[in-house]
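47 is the number that the numbering used here gives to position 47 of the sequence shown; each next residue is one higher, with no gaps.
C-beta: ideal position from N, C-alpha, C; glycine also.
What follows is a single structure, written as structure tokens, with notes after it.
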Amino acid sequence: MTPTRRKIVYAVSFETLGTLVASVALMLMSDASAGSSLVLSILTATIALSWSFVFNTVFEAWEARQPVKGRSLKRRTAHALMFEGGLVLICIPVMAWWLQVGYLEALVYEAGLIALFIAYTYAFTWGFDRVFGLPASAR
């Protein structure tokens with residue numbers, strides 16, 4: 001699989017499953033309806049798809065220059081934390097606007113999603129690498 005195709009398959013599959021996970025989590029955390037939670041999840045997934053492609057391109061360029069190959073616990077943890085950190089900066093204002101809440105309340109909701117998605121990102125990426133193999137940058 002080409003590096004670009006791998007990134008596209010990764011991002012689309014990650015966001016499809018993640019949209020369902022986030023929608024249920026938002027519905028449980030907030031007063032938002034199932035429909036509103038789903039639309040917000042789709043909106044943030046669209047943002048995250050774009051961020052995922054950009055972030056993984058930069059991460060893999062960095063990774064390819066590293067003398068130690070492979071994806072250790074430390075590297076996977078750094079990947080998940082950096083990805084989610086960037087996404088938070090983008091999504092808090094969107095969430096506050098959509099749910100018509102303040103930034104602090106949006107931050108609380110986002111914190112719940114961050115905790116969930118750090119574990120989800122780690123598990124999904126590990127599973128994806130098991131199914132599709134490591135990218136060339138990590139071999």
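(Q) Assuming the contact rule is C-beta atoms closer than 8 Å, Ser23 and Ser41 should be a hit. Round their C-beta distance to whole Å, please. (A) 4 Å
Q. What three-state label does DSSP hand Val101 in the structure shown?
A. coil
Q) Cβ atoms of Glu63 and Ile118: under 9 Å apart, would you say? A) no
**Q.** Residues near Ile47 in its chain [Cβ-Cβ closer than 6 Å; skip 5 each side]
**A.** Ile90
(Q) According to DSSP, is Ser13 part of a helix, a strand, or is it coil? (A) helix
**Q.** Cβ-based neighbour list, Arg6, same chain, cut-off 7 Å, excluding 5 preceding and 5 following
**A.** Phe132, Pro135
Q: Report yes if the C-beta distance between Phe14 and Phe128 is below 9 Å; otherwise report no.
A: yes
**Q.** Buried versus exposed call for Gly102 [16 or more other C-beta atoms within 10 Å across all chains shown]
**A.** exposed
Q: With DSSP as the reference, label Gly133 as helix, strand or coil.
A: coil
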